[in-house]
Amino acid sequence: MLQSGLFTKTRREAPKDEVANNAKLLIRAGFVHKEMAGVYSYLPLGLRVLNNINEIIRKEMDAIGGQELFLTALQDKSVWEKTNRWDDSVVDNWFKTKLKNGSELGLGFTHEEPLTKLMREHINSFRDLPAYPYQIQTKFRNEIRVKSGIMRGREFLMKDLYSFSKNEEEHNSFYEKAKEAYGKIFSSVGLGDITYVTFASGGSFSKYSHEFQTVCEAGEDIIYVSEDKKIAVNKEVYDEKTLEDLGLKKEELEERKAIEVGNIFSLGTKFSDAFNLDYTDENGEKHPVIMGSYGIGPGRLMGAIVEIFSDERGIVWPEAAAPFAVHLLSLGDSVSKTADKVYNDLREAGVEALYDDRKDATAGEKFADADLIGIPWRLVVSPKTIEQGKVEVKNRRTGEIKMMEEKELVKLLITLNVKPAVKLC
RNA sequence: CGGGAUAUAGUGUAAUGGUAGCACGAAUCCUUUGGGAGGAUUUAGUCCCAGUUCGAGUCUGGGUAUCCCGACCA
141 MLQSGLFTKT
151 RREAPKDEVA
161 NNAKLLIRAG
171 FVHKEMAGVY
181 SYLPLGLRVL
191 NNINEIIRKE
201 MDAIGGQELF
211 LTALQDKSVW
221 EKTNRWDDSV
231 VDNWFKTKLK
241 NGSELGLGFT
251 HEEPLTKLMR
261 EHINSFRDLP
271 AYPYQIQTKF
281 RNEIRVKSGI
291 MRGREFLMKD
301 LYSFSKNEEE
311 HNSFYEKAKE
321 AYGKIFSSVG
331 LGDITYVTFA
341 SGGSFSKYSH
351 EFQTVCEAGE
361 DIIYVSEDKK
371 IAVNKEVYDE
381 KTLEDLGLKK
391 EELEERKAIE
401 VGNIFSLGTK
411 FSDAFNLDYT
421 DENGEKHPVI
431 MGSYGIGPGR
441 LMGAIVEIFS
451 DERGIVWPEA
461 AAPFAVHLLS
471 LGDSVSKTAD
481 KVYNDLREAG
491 VEALYDDRKD
501 ATAGEKFADA
511 DLIGIPWRLV
521 VSPKTIEQGK
531 VEVKNRRTGE
541 IKMMEEKELV
551 KLLITLNVKP
561 AVKLC
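Here this note's numbering runs 140 ahead of the position in the first sequence, where the first position is 1.
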């Protein structure tokens, strides 16, 4: 993509009303736009990142049998009355509205109810189970107070998968697979080492739910981390009894702030009972379906990535999330032909590049923008590099700089694009 | 929802109750191109509604928005 044609602009200063680092950087670099408190639009660069994250999630969900669908945001009051979750005294963050004829509607804050009801049409026999539908969809929650930039808003994207299983055993087996898949997702975006499976309150059907907490000062949750066992306990269930259950000792735990990037929990038969979702087994006997739900907030994950991977100059995207694989800069009119060629060669090789071809921007401006936008690899074509017959390559994270011949470079970038783990410098 | 604070140009900031200024941005022209370059000429603003006052960005009341702390986060 030509940067001269990118309509978003970077800015030197963040709006004064933003405090969260993720929002400051994402707004300055032109990834998101704040529409109102807790409501952010995704601009082209931001959408590319969000889509990358969504693709990583899709890949892992599909790998464990997930099937993507797309449910409605508009919700039927009567469906939620079945579980008593329409009542404002039970769920206080509904956005409710009305049809012209006066009937009440809600904007979905989660989707257990409509999906359970829907699945009645498709689940009758043991042959129909298990089933793992999921979606990536906008949720609405009328939070009393929003904060933390794009990490906690009133309108946000959520990947929610729901499992429908025949029995506890089948449920537990999937639950473990989902846990592993979540681990892979967070590792893919570079957060594997600091994201802990965290024991949290489980609700009415299991003792604990599992959260995926990424250790970060900007987080809103307090967790107690066992570095050795790679697990953690949420403050909400942190007591002697829990520690005993989990075989943990107080001394091995460290208190940390963390961002909840994912949450999985067992639902038992709460929803299948409410909607009479049951199936007939091999012997003709009826049983309620055992359910679970598995959430990840892609937008929140994006915010967490920015919180963790950034420095005083800007964002430092992990390769898997980056809006482009490389950022090509041409310095000065005299080199535009050579830079154009590098850009075209990259495109032909399938390497996605953002090409800063702007004629009216100075070198310093281009460097500053490149640092701010945070694409992992920066390529420079300038009179200096042409003199050597090479292209300069800089790693945004390590700051390492190397001069390479173009052919050699393109070859390496192709490899890099397929396997982000390969180190160029 | 309880408590606290703020609101001036696209962005960031000034202005004893007395001519709304500066920087960045944007526009035009010229010179520039390895870390936000220089010059010239432009552009654009007091959140909304009342009130006090000869006069309100500034004081008073109400509204709205935004932020912070806490509570909440099924």
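Heads up, the beta-carbon is just placed ideally off N, CA and C, and yes, glycines get one too.
* Does the Cβ-Cβ distance between Glu200 and Ile325 come in under 7 angstroms? -> The residue labelled residue 200 in the question sits at position 60 within the first sequence. The residue labelled residue 325 in the question sits at position 185 within the first sequence. Taking 7 angstroms as the Cβ cut-off, Glu200 and Ile325 qualify as a contacting pair.
* Run the CB neighbour count on Lys506, radius 10 Å, all protein chains shown included, and call it buried at 16 or more, exposed below. => Numbered from its first residue, the first sequence carries residue 506 at position 366. With 16 or more other Cβ atoms within 10 Å, it is buried.
* Asked: Is it buried or exposed for Arg267, if we count other Cβ within 10 angstroms and need 16 for buried?
  -> Stepping through the first sequence from its first residue, residue 267 is reached at position 127. Exposed, since its Cβ has fewer than 16 Cβ neighbours within 10 Å.
* **Residues bridged to Ser406 (per DSSP)** => Along the first sequence, read from residue 1 onward, the residue named residue 406 stands at position 266. DSSP lists Gly432 as partners of Ser406.
* Could you tell me whether the stretch 432-451 touches the stretch 295-305, using the rule of 3 or more Cβ pairs below 8 angstroms? => yes
* **Classification of Glu284 by the beta-carbon crowding that lies within 10 angstroms, buried from 16 upward** => As a first step, residue 284 must be located in the first sequence, where it is residue number 144. The sequence shown places Ile at residue 284, rather than the Glu named in the question. Exposed: under 16 other Cβ atoms inside 10 Å.
* Asked: Do you know offhand how far Leu512's Cα is from Phe171's?
  -> Taking the first residue of the first sequence as position 1, residue 512 is located at position 372. Taking the first residue of the first sequence as position 1, residue 171 is located at position 31. Taking the straight line joining both Cα atoms gives about 11 angstroms.
* Would you give the residue range spanned by the beta strand (DSSP E) that Leu185 belongs to? => By one-based count along the first sequence, residue 185 stands at place 45. No beta strand (DSSP E) contains Leu185, which is instead part of the alpha helix (DSSP H) from 184-203.
* Asked: Short check: CB of Val482 to CB of Leu553, under 7 angstroms?
  -> Counted from its first residue, the first sequence places residue 482 at position 342. Counted from its first residue, the first sequence places residue 553 at position 413. No, these two residues do not count as a Cβ contact at 7 angstroms.
* To do: With DSSP collapsed to three states, give me the class of Phe296.
  => Within the first sequence, numbered from 1, the residue matching residue 296 stands at position 156. The DSSP-derived three-state label of Phe296 is strand.
* Report, in whole angstroms, the separation of the C-beta atoms of Ala461 and Ile445, which I expect to be a contact under 8 angstroms. => For the purposes of this step, residue 461 is identified with residue 321 of the first sequence, where counting begins at 1. For the purposes of this step, residue 445 is identified with residue 305 of the first sequence, where counting begins at 1. Confirmed, Cβ separation roughly 6 angstroms.
* **Separation of Val456 from Ala154, as counted between CA atoms** => For the purposes of this step, residue 154 is taken as residue 14 along the first sequence, with counting starting at 1. For the purposes of this step, residue 456 is taken as residue 316 along the first sequence, with counting starting at 1. So the two alpha carbons sit approximately 17 angstroms from each other.
* To do: Over the uninterrupted beta strand (DSSP E) stretch that includes His467, give me the two end residues.
  => For the purposes of this step, residue 467 is identified with residue 327 of the first sequence, where counting begins at 1. Its beta strand (DSSP E) spans residues 466-470.
* Among all the DSSP beta bridges, which residues are the ones paired with Gln215? -> Residue 215 sits at position 75 when you count from the first residue of the first sequence. Gln215 is bridged to Gly246.
* To do: Check Thr150 in the structure and name its three-state DSSP category.
  => By one-based count along the first sequence, residue 150 stands at place 10. For Thr150, the three-state secondary structure derived from DSSP is coil.
* Endpoints, the beta strand (DSSP E) within which Glu532 is located -> Here residue 532 refers to the residue found at position 392 of the first sequence. Segment 531-535, the beta strand (DSSP E) holding Glu532.
* Where does Arg487 fall in DSSP's three states? -> Within the first sequence, residue 487 is the residue found at index 347, counting from 1. Arg487 falls in the helix class under three-state DSSP.
* **Contact the stretch 462-477 vs the stretch 510-524: 3+ CB pairs below 8 angstroms** => Counting C-beta pairs closer than 8 angstroms gives three or more between the stretch 462-477 and the stretch 510-524, which meets the contact rule.
* To do: State whether the stretch 233-246 contacts the stretch 257-264, with contact taken as three or more CB pairs (one from each stretch) at a distance under 8 angstroms.
  => no
* Test item: CB-CB of Gln207 and Gly246 under 7 angstroms -> Reading the first sequence from its first residue, position 67 is the one you call residue 207. Reading the first sequence from its first residue, position 106 is the one you call residue 246. Not closer than 7 angstroms, so no.
* Out of Tyr180, Ser433, Tyr364, Leu549, point me to the one whose CA is closest to Ser305's CA. => By one-based count along the first sequence, residue 305 stands at place 165. Comparing Cα-Cα distances from Ser305 to each of Tyr180, Ser433, Tyr364, Leu549, the minimum goes to Ser433.
* Asked: Cβ atoms of Gly359 and Ala398: under 7 angstroms apart, would you say?
  -> Start at 1 with the first residue of the first sequence, and residue 398 comes out as number 258. Start at 1 with the first residue of the first sequence, and residue 359 comes out as number 219. For Ala398 and Gly359, yes; Cβs fall inside 7 angstroms.
* Going straight from the alpha carbon of Asp232 to that of Thr223, what length do you get? -> As a position in the first sequence, residue 232 is number 92, starting the count at 1. As a position in the first sequence, residue 223 is number 83, starting the count at 1. About 15 angstroms.
* State buried or exposed for Gln528, treating a residue as buried only when at least 16 other CB atoms are found within 10 Å of its CB. => Counting from one through the first sequence, the residue named residue 528 turns up at place 388. Flag for Gln528 reads exposed.
* Pick from Gly178, Ile197, Lys426, Lys149: whose alpha carbon is nearest that of Asp300? -> Along the first sequence, one-based indexing puts residue 300 at 160. Closest by alpha carbon: Ile197.
* Asked: Does the beta-carbon distance from Ile162 to Gly289 come in below 7 angstroms?
  -> Within the first sequence, the letter at position 22 stands for residue 162. Within the first sequence, the letter at position 149 stands for residue 289. Looking at the sequence shown, residue 162 is not Ile but Asn. Judged by beta-carbon spacing, Gly289 lies within the 7 angstroms limit of Asn162, meaning their Cβ atoms are closer than that value.
* To do: Would you please state the rounded distance, in angstroms, between the beta carbons of Ser406 and Gly330? I believe it to be under 8 angstroms.
  => Translated into positions along the first sequence, residue 406 becomes position 266. Translated into positions along the first sequence, residue 330 becomes position 190. Ser406 to Gly330, Cβ: 29 angstroms. No contact.
* Asked: Using DSSP with H/G/I as helix, E/B as strand and the rest coil, what is Ser346?
  -> The residue you call residue 346 lines up with position 206 of the first sequence. It is coil, neither helix nor strand.
* Span separating the alpha-carbon of Asn484 from that of Met141 -> The residue labelled residue 484 in the question sits at position 344 within the first sequence. The residue labelled residue 141 in the question sits at position 1 within the first sequence. Distance between the alpha carbons of Asn484 and Met141: 11 angstroms.
* Asked: Does the Cβ of Phe210 have 16 or more other Cβ atoms within 10 Å, making it buried, or fewer, making it exposed?
  -> Here the question's residue 210 lines up with position 70 in the first sequence. That one is exposed.
* Which partner residues does Gly359 have in the DSSP bridge list? -> Position 219 of the first sequence, counted from the first residue, corresponds to residue 359. In the DSSP output, where bridge partners are listed per residue, Gly359 has none listed.
* **For Val475 and Pro523, the rounded distance between their alpha carbons** => Residue 523 sits at position 383 when you count from the first residue of the first sequence. Residue 475 sits at position 335 when you count from the first residue of the first sequence. So the alpha carbons of these two residues sit roughly 6 angstroms apart.
* Asked: For the candidate residues Glu357, Asp413, Tyr322, Tyr378, whose alpha-carbon lies nearest to that of Phe345?
  -> Taking the first residue of the first sequence as 1, we reach residue 345 at position 205. When each option's Cα is compared against that of Phe345, the closest is Asp413.
* Out of Thr382, Asp361, Glu252, Tyr274, which has the shortest C-alpha to C-alpha gap to Asn194? -> Translated into positions along the first sequence, residue 194 becomes position 54. Looking at the Cα atoms, Tyr274 is the closest of the given residues.
* Rounded to whole angstroms, what's the CA-CA distance from Ala489 to Val550? Just pull it up for me. => Counting from one through the first sequence, the residue named residue 489 turns up at place 349. Counting from one through the first sequence, the residue named residue 550 turns up at place 410. Each residue's Cα considered, the two are about 7 angstroms apart.
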